[in-house]
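Encoded as structure tokens, the structure appears first; notes follow it.
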Amino acid sequence: MSAGMNRRRLVQTDPVAQFERALEIREFENQINGLFAAGTIRGTTHLCLGQEALAIGLAAVLRPTDPVFATYRSHGIALALGMTPESVMAEIMGKATGCCGGLGGSMHLCDMELGLLPTSAIIGGGLPIAAGTGLAFQIQGNDRVGVAVFGDGATNIGAFHETLNLAAIWKLPVVFICDNNVYAEYSRINLTTPIEDLHIRAESYAMPHYAIDGMDIDAVTTGITQAVERARSGGGPTFIEAKTYRFAGHSRADQALYRPEGELDKWKPRDPVLLMEQRLIKKGLLDSETAEKMKSSMKDVIENMVKVCQAAPEPTVDAMFKHIWTPKVRA
Amino acid sequence: MSAGMNRRRLVQTDPVAQFERALEIREFENQINGLFAAGTIRGTTHLCLGQEALAIGLAAVLRPTDPVFATYRSHGIALALGMTPESVMAEIMGKATGCCGGLGGSMHLCDMELGLLPTSAIIGGGLPIAAGTGLAFQIQGNDRVGVAVFGDGATNIGAFHETLNLAAIWKLPVVFICDNNVYAEYSRINLTTPIEDLHIRAESYAMPHYAIDGMDIDAVTTGITQAVERARSGGGPTFIEAKTYRFAGHSRADQALYRPEGELDKWKPRDPVLLMEQRLIKKGLLDSETAEKMKSSMKDVIENMVKVCQAAPEPTVDAMFKHIWTPKVRA
Amino acid sequence: MPAMRLRQAIATAIADEMRSDPTVITFGEDIAAAEGPFKTTEGILEEFGPLRVRDTPISEMGFTGAAVGAAIMGMKPVIEIMFMEFLGVALDQLVTEAAKMRYLSNGTLSVPIVVRASVGGGLGFGSQHSQTLENWVAATPGLKVVSPSDAQSAYSLLRAAIQDPDPVMFLEPRVAYAERGEVDTNLKMELGKARIVKPGKDLTIVALGQMVNVARAAAAKISADVEVIDLCTIVPWDKQCVLGSVKKTGRLVVVEEQPESGGWGSEIIAAVVAEQFATLKAAPFRITSPNAPVPYNGGLESKFLPSPEEVTRQIEEVMKTGKAPQPWWRREGVN
Amino acid sequence: MPAMRLRQAIATAIADEMRSDPTVITFGEDIAAAEGPFKTTEGILEEFGPLRVRDTPISEMGFTGAAVGAAIMGMKPVIEIMFMEFLGVALDQLVTEAAKMRYLSNGTLSVPIVVRASVGGGLGFGSQHSQTLENWVAATPGLKVVSPSDAQSAYSLLRAAIQDPDPVMFLEPRVAYAERGEVDTNLKMELGKARIVKPGKDLTIVALGQMVNVARAAAAKISADVEVIDLCTIVPWDKQCVLGSVKKTGRLVVVEEQPESGGWGSEIIAAVVAEQFATLKAAPFRITSPNAPVPYNGGLESKFLPSPEEVTRQIEEVMKTGKAPQPWWRREGVN
Ligand SMILES: Cc1ncc(C[n+]2csc(CCOP(=O)(O)OP(=O)(O)O)c2C)c(N)n1
Ligand SMILES: Cc1ncc(C[n+]2csc(CCOP(=O)(O)OP(=O)(O)O)c2C)c(N)n1
Ligand SMILES: [Mg+2]
Ligand SMILES: [Mg+2]
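Protein chains in written order, with the numbering used here: chain A, 1 to 331; chain B, 1 to 331; chain C, 1 to 335; chain D, 1 to 335.
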């Protein structure tokens with residue numbers, strides 16, 4: 001079994017491994033933040049701090065054969081689904097060992113073995129594609145499920161509307177998950193969207209919908225399971241709104257100074273990684289000491305990983321021509 | 001006062017003139033149908049038979065300074081708003097005397113004096129533009145209102161969604177009128193849209209919404225008045241669903257054989273022109289004999305008008321270059 | 001060999017592919033129950049049923065994206081954009097998603113979709129329903145762009161497009177849907193290969209779509225011995241064929257339906273000039289529509305589109321002078 | 001004369017127009033409170049307030065259309081499409097509505113909108129955020145297409161664009177936003193007019209946007225006396241200026257950021273060849289990016305974009321041989 005599939009199985013079966021993966025995401029993002037701040041990495045990046053539980057929950061519930069179409073803000077989803085920190089970090093560094101050979105960058109992660117379709121940097125770009133995967137499964141008659149993950153801001157783009165309607169009328173096996181982290185770039189959701197509960201938009205398509213607490217891994221798991229099971233059993237699509245909070249700025253340079261005072265502080269106690277830790281301790285599956293050890297060793301692991309990636313080779317010039325067209329295979 | 005403005009004032013003040021205009025539209029469309037069937041006119045055309053009351057109601061309620069953005073199916077709206085049958089028919093015939101000089105055709109009618117913006121042949125194309133007219137009025141601080149008229153099928157296109165959200169968040173003075181004539185081309189609405197009452201889609205934008213009986217001129221007038229007044233007084237946009245029925249096929253060649261048996265017959269007693277006539281007679285504003293006379297004289301008028309248009313000149317070659325760029329005017 | 005209309009050739013190609021490959025599916029607005037606004041999908045729903053053949057809501061972005069998603073999960077969607085202009089509400093999915101998906105998946109995904117669209121003027125559909133708009137899609141590495149000119153090429157190229165592992169934009173000349181031609185269903189045509197539809201030695205015409213017939217009609221009248229190439233595929237275009245022809249004739253004229261500025265024809269000219277500058281005997285040039293919206297009026301629309309007469313006239317002139325002639329709108333001083 | 005960054009020149013032009021014309025308004029995603037993702041609208045909200053300066057939802061089709069509507073009712077909207085690629089979800093409004101509105105209103109309406117978009121590669125934004133995509137808009141009668149190359153042209157051209165009565169697509173080279181240059185706010189530049197940024201007599205380079213600096217840098221190194229033209233406007237492009245220059249030099253090279261196939265450069269070549277075939281001393285050709293998505297990796301992205309070194313090398317070669325050189329990807333046999 002590949003490293004990725006092993007990692008995937010872990011989050012699917014072991015709550016402590018889920019916590020460890022959440023720590024990994026957290027540490028990974030912090031590293032990325034530092035590397036960009038230092039100018040070590042070029043381009044842009046979008047951290048998922050505060051949104052780890054949703055990523056883990058997705059990975060826990062979905063099968064690797066259920067394709068996920070997510071966005072530029074997907075380091076966490078990639079790691080949760082099982083991709084190795086090396087393949088993600090190397091991609092962000094533009095290295096040949098990255099998941100896209102260094103040609104994609106932070107916004108474009110992909111691992112088809114684990115079900116991560118190439119993440120899109122176009123708002124709403126992934127929604128109809130996810131619906132299309134469901135269309136394929138419906139015709140093929142299997143029980144796979146397509147999943148789209150997108151932000152609150154994406155619920156204002158036309159593709160969102162067209163896709164939900166199409167999925168509903170065709171009863172496609174798809175789950176639409178809106179990660180409502182309260183912000184779209186520098187705009188608080190209320191400034192661009194006249195309703196509070198985004199999931200009610202599904203009423204326009206007679207599609208089942210509900211909100212879940214996106215900070216709470218159990219709520220996430222339960223909520224996604226319900227929708228996935230409906231889809232798998234031919235019940236059609238569901239729209240889930242996961243209420244989360246974006247702990248970092250929108251992208252590399254953003255300090256998020258536009259946040260109302262105290263808002264971040266209000267959310268901090270609901271930090272999904274913290275909540276996971278508390279819950280595991282309460283259940284007796286973890287003790288504080290072990291948790292602290294896990295954190296510090298994760299820091300070392302990720303720091304070492306960064307060094308490995310820094311030493312990795314750059315792609316060669318011919319790489320940029322390699323994957324434009326599919327080589328002709330003659331029957 | 002121009003002929004158009006005179007015609008507009010008539011439908012705004014006189015119920016019998018409204019009926020007469022409805023007869024005019026009916027007769028106009030019947031003529032068009034014949035001319036296309038005979039191959040006298042090229043291209044395509046979309047009749048509004050069954051949707052006359054909505055057109056008349058719009059013209060009755062709106063001021064000429066309230067711009068209307070409608071669709072390729074707008075002969076009726078154009079005539080109702082006051083455009084002369086000559087300017088519309090000549091346009092459809094591609095004559096120089098048409099409202100667009102014969103360069104637009106049946107799908108592209110326009111008369112800015114009367115508030116008819118160039119009708120668009122792209123589904124959803126007019127919605128954001130109508131919102132934009134409202135934006136201008138809001139900034140200018142006047143009490144004009146922008147209006148978009150579109151079909152049931154158009155509620156599935158992305159521009160619909162984006163526009164309603166934008167208009168709602170900006171509280172624009174706009175009225176969105178969905179002319180739900182049950183069909184989009186050859187598809188009955190239920191085949192493409194998983195809800196019955198389209199107006200509930202406005203819930204997604206916290207926008208006031210309701211359905212009106214689009215066959216009943218009084219219901220139309222009342223319903224539009226309410227929305228227009230809200231917009232004029234700064235109350236923001238409204239979404240109205242006018243329930244109508246498309247009595248003809250979608251476009252020139254279409255026989256509408258896909259209709260469920262008996263559906264058309266079921267709607268026939270609700271023919272908006274018939275209902276207008278019955279109501280006027282009931283109110284004592286009209287008697288049957290006069291009504292019959294009006295019909296037959298309208299037939300003559302329209303037939304003569306067709307002849308006039310047939311004799312009108314074709315546009316000259318330079319016309320096709322005349323209105324691409326605005327001539328530079330130096331201050 | 002059966003004669004069929006171009007639209008029937010399209011339907012036959014789809015049906016033949018659907019028969020031989022169960023992963024081929026098709027959807028679009030009114031293409032199933034109504035068999036297509038232009039009857040290009042006649043009989044398809046009846047034979048293949050509603051699971052594989054579907055009507056869609058009016059949601060071009062949504063259903064184009066759905067095609068992309070279905071494609072990467074093993075299907076081969078053939079979708080219809082009724083008029084090319086409607087791609088203006090869906091371009092993102094084709095150009096920014098589909099055409100880059102293979103690249104962004106590090107070569108693990110292919111996107112075998114065919115996006116069919118009717119294109120072109122001549123039917124009195126007015127300025128929003130009459131353009132060819134190849135420019136929207138032509139500069140997109142990863143996307144092939146194909147346009148047939150008759151029933152045979154419609155059949156053979158569409159089959160090749162459906163079989164192709166990458167996204168293909170398939171532009172169908174609407175005005176020719178009703179035209180009949182013989183179709184050999186065994187004849188294979190490859191994407192990226194042009195056809196010499198009339199050999200000649202004095203001058204090379206490169207044409208596409210409905211302009212192929214215009215060029216042929218002109219070639220029959222022109223006193224010189226003109227070679228007419230049906231380009232068939234714009235991306236990737238058949239450089240070898242065109243260069244070979246121009247090497248022989250020394251003269252190149254592109255007959256193109258797009259307006260003068262910004263069309264695919266300039267690409268052909270620029271490439272040929274870069275490679276064969278020294279051996280050209282006359283200025284290569286384009287015969288196009290003017291820089292104007294497509295007019296509705298019938299007389300104007302005929303004037304607007306390149307006609308056999310205009311092509312004839314301009315080619316006779318270049319044969320005489322070696323210089324690029326003025327188009328009619330400059331000749332007549334109207335633009 | 002103050003030196004300012006290109007992004008400040010943009011903000012200054014918008015502010016100056018808003019001051020002198022109360023009908024000018026501006027909106028886009030995060031352009032108001034946050035002053036623009038690239039800080040191109042710094043200070044605008046503060047000075048002009050929320051009625052005229054607005055943040056929009058992520059709805060490019062919606063707000064582009066709203067600009068069209070506001071324009072025909074007497075306003076002059078300047079809107080921002082953050083990355084040119086996002087026009088892929090809004091093209092309809094610009095090309096099929098705005099650009100045809102005057103025509104379809106029989107000349108009674110004008111649509112004075114400016115659609116600003118950041119374009120181009122060089123910053124590691126990857127394949128969906130790094131293209132210039134002029135081809136999407138270049139073949140659209142009724143729409144002007146403009147691209148500045150430095151702070152001065154950004155300022156002067158944007159003012160001209162806002163004053164223009166017709167829709168203008170304004171493409172801003174993102175990589176140059178932070179570059180400083182002197183700006184004379186009294187200097188007027190006209191749309192449709194090119195600038196000769198370096199005179200020369202041996203060869204004409206036509207460049208646009210960030211390629212102007214590349215061409216200038218190359219010109220400084222090339223042994224021949226090269227003339228560099230900043231085209232500034234692609235539609236309508238300054239034929240007179242380019243033809244005049246090539247008449248003098250006899251040699252033409254277009255340096256273009258778009259991929260080899262389908263870009264605006266071929267239009268320049270085709271038009272020049274048609275008019276000046278007989279007097280050209282060497283094969284005209286384009287130096288472009290290869291037919292590939294823009295790669296993320298920094299080394300590859302630098303290689304991908306035309307560089308001063310590559311331009312120098314190719315121009316030295318054509319000066320010697322008179323023939324169009326091979327681009328690096330064919331020279332190196334990688335594509
Ligand atoms: C079509 C399109 N418009 C605009 C953008 C620029 N953009 C990138 S991220 C973003 C905000 C998205 O917010 P949201 O959907 O809430 O997702 P989040 O970033 O919070 O995960 C915007 C506007 C884009 N990528 N695509
Ligand atoms: C973007 C776009 N897609 C498709 C079409 C083709 N089309 C023209 S009319 C029509 C049906 C529209 O139905 P509806 O909105 O109900 O309006 P109606 O014709 O009934 O007035 C379609 C699909 C179009 N014009 N534009
Ligand atoms: Mg968000
Ligand atoms: Mg309808």
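The C-beta atom is built at its ideal place from N, Cα and C for all residues, glycine as well.
Could you check if residue i belongs to the surroundings of ligand 4, using beta carbon to heavy atom distance under 7 Å?
i, result
"B:Y183", "yes"
"D:R286", "no"
"B:R259", "no"
"B:R188", "no"
"A:G57", "no"
Which chain A residues are close to residue i, counting only those with a beta carbon under 9 Å from its beta carbon?
i, result
"D:Y155", "Correct list: empty, because the minimum Cβ distance to chain A is about 25 Å."
Exposed or buried, which one is residue i when buried takes at least 16 other CB atoms within 10 Å?
i, result
"B:K322", "buried"
"A:K243", "buried"
"B:E277", "buried"
"B:A331", "Unreliable placement is indicated for B:A331, whose pLDDT of 46 sits below 50; no coordinate value is reported for it."
"A:S297", "exposed"
"A:Q310", "exposed"
"D:D92", "buried"
Just checking residue i against ligand 2 - is the residue's beta carbon closer than 7 Å to any of the ligand's heavy atoms?
i, result
"D:H129", "no"
"B:R73", "yes"
"B:D179", "yes"
"D:M82", "no"
Using the beta-carbon of each residue, which ones in chain A are nearer than 8 Å to residue i?
i, result
"B:P194", "N165, A168, I169, Y205, A206, M207"
"D:D368", "Because chain D is modelled from 1 through 335, residue 368 of chain D falls outside the range shown and cannot be assessed."
"C:N106", "C99, C100, G101, L103, G104, C110, H323"
"C:V68", "P128, I129, G132"
Can you pull the chain C residues whose beta carbon is under 7 Å from the beta carbon of residue i, in chain order?
i, result
"D:N291", "P141"
"B:M320", "A292, P295, L300, F304"
Compute the beta-carbon to beta-carbon distance between residue i and residue j, rounded to the nearest angstrom, for a pair I have assumed lies under 8 Å.
i, j, result
"C:T288", "C:E256", "5 Å"
"B:I240", "B:I195", "The Cβ separation is near 16 Å, so there is no contact."
"B:Y186", "B:H250", "6 Å"
"A:Y245", "A:G50", "5 Å"
Return yes when the C-beta of residue i is under 7 Å from any heavy atom of ligand 3, and no when it is not.
i, result
"D:D55", "no"
"A:R246", "yes"
Excluding sequence positions up to five away, which residues of its chain have a Cβ less than 7 Å from the Cβ of residue i?
i, result
"C:Q15", "In the sequence as displayed, the identity of residue 15 of chain C is Ala instead of Gln. Here the set comprises G43, I44, E47."
"C:A161", "V114, V146, V168, F170, L191"
For a contact meaning CB atoms closer than 7 Å, what does residue i contact in chain A?
i, result
"C:Q240", "Going along chain A, no residue has its Cβ under 7 Å from C:Q240, so there is no contact; the nearest lies around 17 Å."
"C:S110", "T326"
"D:V334", "V317, D318, F321"
With a threshold of 7 Å (Cβ to nearest heavy atom), would residue i be considered close to ligand 1?
i, result
"A:F36", "no"
"D:F86", "yes"
If you drop the 5 nearest sequence neighbours on each side, which residues of the same chain put their C-beta closer than 6 Å to that of residue i?
i, result
"C:R7", "F38, K39, T40, Y177"
"A:T338", "Chain A is shown only over 1 to 331; residue 338 of chain A falls outside these bounds and no answer can be derived."
Within its chain, find whatever has a CB closer than 8 Å to the CB of residue i; leave out the 5 residues flanking it on each side and keep chain order.
i, result
"A:P64", "M5, R8, L81, G82, E113, L114, G115"
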